[in-house]
Structures are given as C-alpha cells and as structure tokens.
Amino acid sequence: MKILWGLLVLCTLSHFCSSSGELRMSVDCSIYKKYPVVAIPCPITYLPVCGSDYITYGNECHLCTESL
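Per mature numbering (1 follows the signal peptide of the UniProt record, and there is no 0): the sequence shown = residues -19 to -1, 1 to 49.
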C-alpha cells in the first residue's frame, strides 16, 4: 500500500513539473527583491510552482525567496 501511495505522489508531482511548453509560466520575483529575505513572510497557501531547478515549491513566494 505504501508503494501505491508513493507512486500516486510521484505521478502528481511529475504532473506539476511537466516539461511541456504549455504548462510553463514565468514568475515575476522583482517585488521580493525590495525586501531582505528574512523579512518576507510567505503565506501558507499551497499553490505548487516548479522552479527551473526542477524543484517544486509550495507557492511563488517560496520560489522567489529561495532564488534570491
């Protein structure tokens, strides 16, 4: 059963990190550059975003703060 759940999670993440051009969107991180990284409180909202490093981040704020 654990293997089945692992495969389900893997398939879900691969869907979000698909390399097809139709799913690619650009994230504008310029607003986050105005503040020190420690002062940026990211919301808890889970809206997954894949970075160019193929890591899935919880939302745009987490992606931008990691890339600064």
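C-beta atoms are modelled at their ideal positions from N, C-alpha and C, and glycine is treated no differently.
Note that the coordinates shown come from a computational prediction; the quantities given were computed from them, not determined experimentally.
Q | Outcome for LEU28 when other beta-carbon atoms lying within 10 angstroms are tallied against a minimum of 16 | A | exposed
Q: Within 10 angstroms of the Cβ of LEU49, are there 16 or more other Cβ atoms? Answer buried if so, exposed if not.
A: exposed
Q) Would you report the Cα separation of GLY39 and ILE(-17), rounded to the nearest angstrom? A) 24 Å
Q. So with Cβ pairs under 8 Å, would you call LYS(-18) a contact of chain C?
A. The chain inventory of the structure shown lacks chain C, comprising one protein chain alone.
Q: Go through its chain and collect everything with a Cβ distance to VAL18's Cβ below 6 Å, but skip five positions before and after it.
A: THR46 and LEU49
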